[in-house]
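Residue numbers (this note's numbering): 7 to 235.
Virtual Cβ for every residue (Gly too), placed ideally from N, Cα, C.
The structure presented is a predicted model; accordingly, all values stated were derived computationally and were not measured.
What follows is a single structure, written as structure tokens, with notes after it.
And the structure:
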């Protein structure tokens with residue numbers, strides 16, 4: 007994930023994010039390789055960003071960037087439907103409502119993705135003093151991204167998937183072969199990490215749940231995929 011910043015003293019570069027579940031997995035398995043979730047802060051490169059964080063004191067300055075873009079577009083279009091949407095978006099921004107927090111129809115959302123106003127991307131309002139790890143957690147929540155894990159002695163790896171995704175889609179994030187040859191999934195809740203020593207004990211205690219391809223992922227799920235290609 008690439009995160010742009012506005013008015014915040016965060017240096018551009020990659021940052022490794024970990025949470026309690028990831029740290030417990032590392033401690034439990036002592037893996038040869040550790041791959042935490044990584045984000046990249048990219049300064050004010052809003053066009054390239056998946057999400058944006060800004061200083062609350064700079065909110066109006068941030069909104070003004072979108073207002074200028076929309077007002078320019080309004081002077082160039084004669085399409086009534088487009089003008090109606092642009093006027094709606096303009097009104098939201100003038101009320102200091104970010105477009106990511108406004109209600110739009112699916113058709114309106116499709117147009118806004120093309121127009122690409124910056125505040126339509128997931129945006130988080132934070133002070134300069136905000137801890138980066140907590141800031142990333144807030145961005146993930148706003149962007150509706152869930153982290154899940156694969157774990158073992160070889161590697162503990164954090165992965166991302168959109169909220170509402172199935173385990174089949176999660177398997178595809180790991181490797182296309184896992185999705186293509188998916189047979190069954192096995193899921194352990196991160197809340198149960200303190201209840202077992204290793205995967206064999208987790209299965210013996212019934213903490214590892216067998217699921218089909220339509221299982222919807224939850225934050226912190228530890229998964230294993232059975233597949234055949």
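Same chain, Cβ closer than 8 angstroms to residue i, five either side skipped, listed in chain order
| i | result |
| --- | --- |
| residue 36 | 159 |
| residue 105 | 72, 95, 98, 99, 118, 123, 125, 126 |
| residue 138 | 16, 21 |
| residue 155 | 27, 28, 31, 162, 163, 164, 165, 196, 226, 227, 228, 229 |
| residue 171 | 152, 222, 223 |
Reduced DSSP secondary structure (H/G/I, E/B, other) of residue i
| i | result |
| --- | --- |
| residue 151 | strand |
| residue 12 | strand |
| residue 101 | coil |
| residue 168 | strand |
| residue 24 | coil |
| residue 131 | strand |
| residue 161 | strand |
| residue 19 | strand |
| residue 93 | helix |
| residue 156 | strand |
| residue 82 | coil |
| residue 187 | coil |
| residue 108 | coil |
| residue 144 | helix |
| residue 72 | helix |
| residue 122 | coil |
Expected contact under 8 angstroms - CB spacing of residue i and residue j to nearest Å
| i | j | result |
| --- | --- | --- |
| residue 123 | residue 75 | 6 angstroms |
| residue 50 | residue 11 | 7 angstroms |
| residue 55 | residue 48 | 6 angstroms |
| residue 52 | residue 129 | So it is not a contact: roughly 10 angstroms between Cβ atoms. |
| residue 83 | residue 89 | 6 angstroms |
Close-in-space but distant-in-sequence residues of the same chain around residue i (CB under 7 angstroms, 5 per side omitted)
| i | result |
| --- | --- |
| residue 174 | 185, 188, 219 |
| residue 22 | 42, 44 |
| residue 64 | 12, 13 |
| residue 131 | 60, 62, 65 |
Beta-carbon proximity list for residue i, same chain, < 6 angstroms, skipping 5 on both sides
| i | result |
| --- | --- |
| residue 196 | 27, 226 |
| residue 115 | none |
| residue 2 | Beyond the ends of the chain as shown, which are 7 and 235, falls residue 2; an answer cannot be given. |
CB contact below 8 angstroms: residue i versus chain B
| i | result |
| --- | --- |
| residue 103 | Among the chains of the structure shown, chain B does not appear; only one protein chain is present. |
### Task
Kindly confirm or deny that the region 206-218 and the region 189-196 touch, where touching means at least three C-beta pairs closer than 8 angstroms.
Between the region 206-218 and the region 189-196, the count of Cβ pairs shorter than 8 angstroms is three or higher; the stretches touch.
### Message
So, does the region 197-214 touch the region 142-155, judging by three or more C-beta pairs under 8 angstroms?
### Response
Counting C-beta pairs closer than 8 angstroms gives fewer than three between the region 197-214 and the region 142-155, which falls short of the contact rule.
### Task
Quick one: which unbroken beta strand (DSSP E) runs of 3-plus residues sit fully inside the region 189-235? Chain order, please.
DSSP assignment within the region 189-235 yields the following whole beta strand (DSSP E) runs of 3 residues or more, N-terminal first: 215-217, 228-233.
### Query
Where in the region 26-68 do unbroken runs of the alpha helix (DSSP H), each at least 4 residues long, occur, reported from the N-terminal end onward?
For secondary structure counted as the alpha helix (DSSP H) over 4 or more consecutive residues, the region 26-68 holds these complete runs in sequence order: 26-35.
### Query
Does the pairing of the region 56-75 with the region 123-132 give three or more beta-carbon distances under 8 angstroms?
Taking 8 angstroms as the limit for Cβ pairs, the verdict is that the region 123-132 does touch the region 56-75.
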